[in-house]
Every structure is written in structure tokens, then in C-alpha cells.
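Please read the structure below before turning to the comments.
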């Protein structure tokens, strides 16, 4: 699912991805200190998801690639919950926001099309 260029929900999706970069970057410390993973593994897991979210945010307005990477971020972040179950709360929040923004964005496009 992709939104049309100029859809205001693209900015909200971009914001969701930006916050995912921050939160999943900080999850490195949670995975290291609370889950007890080695720092290298914690950095690979948390940093990998944060990097994926950053790439999605950087390419979101450039076409389909950004949306594919955004969905991939939502799917891959589920794996962090297996290392530390508390992370599933953030996964659910960000995943819910991602889906909600796409649904509302499509609704805005449909309403704009019907108004013409």
C-alpha cells in the first residue's frame, strides 16, 4: 500500500519512522542490560532495525521502496520482542500507527477524489 505524492499522511509516516529510529536505537541498551545479550548482538539487532527504519524514512517520498522498507521495518521489529518481550509494546504501538496512517491516508485520497 502506497500513498500518493503530496498526501499529508506521508509526513506522519515519516515521523513514525523517525521515532522508530530513536526507540530501536535505544533498544540496544535494553537488549544489553535487561535482556543480557552481548553488546555486539544487541547492537546488531537494535541497530539493524534502527538502520532499516532510517533507510525507510530516507526513501519514503521517493516511491515504492520507502513503503516496502517501512513494512519490512514493522515486520523485522517483531523479532526484537523475542529477545526482550517488553519491546513488543513498542512494536505494537509503531505497527498500529503505521497501519493507521496508511488507512487514513487512503481515506483522504478517496475523499479528495470523490470531491472532484
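Numbering (our numbering), first residue to last: 301 to 416.
Glycine included, C-beta positions come from ideal geometry on N, C-alpha and C.
Every value quoted in this text rests on a predicted model; they were computed, and no experiment measured them.
Rounded distance between the beta-carbons of residue j and residue i, thought under 8 Å
i	j	result
residue 367	residue 301	7 Å
residue 357	residue 321	7 Å
residue 401	residue 317	No, residue 401 and residue 317 are not in contact; Cβ-Cβ is about 10 Å, not under 8 Å.
Residue i to residue j span [Cα, whole Å]
i	j	result
residue 384	residue 354	22 Å
residue 315	residue 382	25 Å
residue 411	residue 337	48 Å
residue 339	residue 388	20 Å
residue 334	residue 341	13 Å
residue 403	residue 397	10 Å
residue 395	residue 416	32 Å
residue 306	residue 392	27 Å
residue 347	residue 361	23 Å
Cutoff 7 Å; reference residue i; Cβ partners in own chain excluding five residues on either side
i	result
residue 349	324, 373, 376, 377 and 380
residue 352	369, 372, 373 and 376
residue 345	331, 380 and 383
The alpha helix (DSSP H) enclosing residue i, as first and last residue numbers
i	result
residue 362	Element bounds for residue 362: n/a, residue is neither H nor E.
residue 310	309-333
residue 391	387-415
Contact set for residue i: own chain, Cβ-Cβ below 6 Å, skip 5 residues either direction
i	result
residue 390	323
Close Cβ partners of residue i (< 8 Å) along its chain, the five nearest in sequence each way excluded
i	result
residue 424	A query on residue 424 cannot be resolved here, the shown segment of the chain reaching from 301 to 416 and no further.
residue 359	365, 366 and 369
With a cut-off of 8 Å, do at least 3 Cβ pairs link the stretch 384-396 to the stretch 327-335? yes
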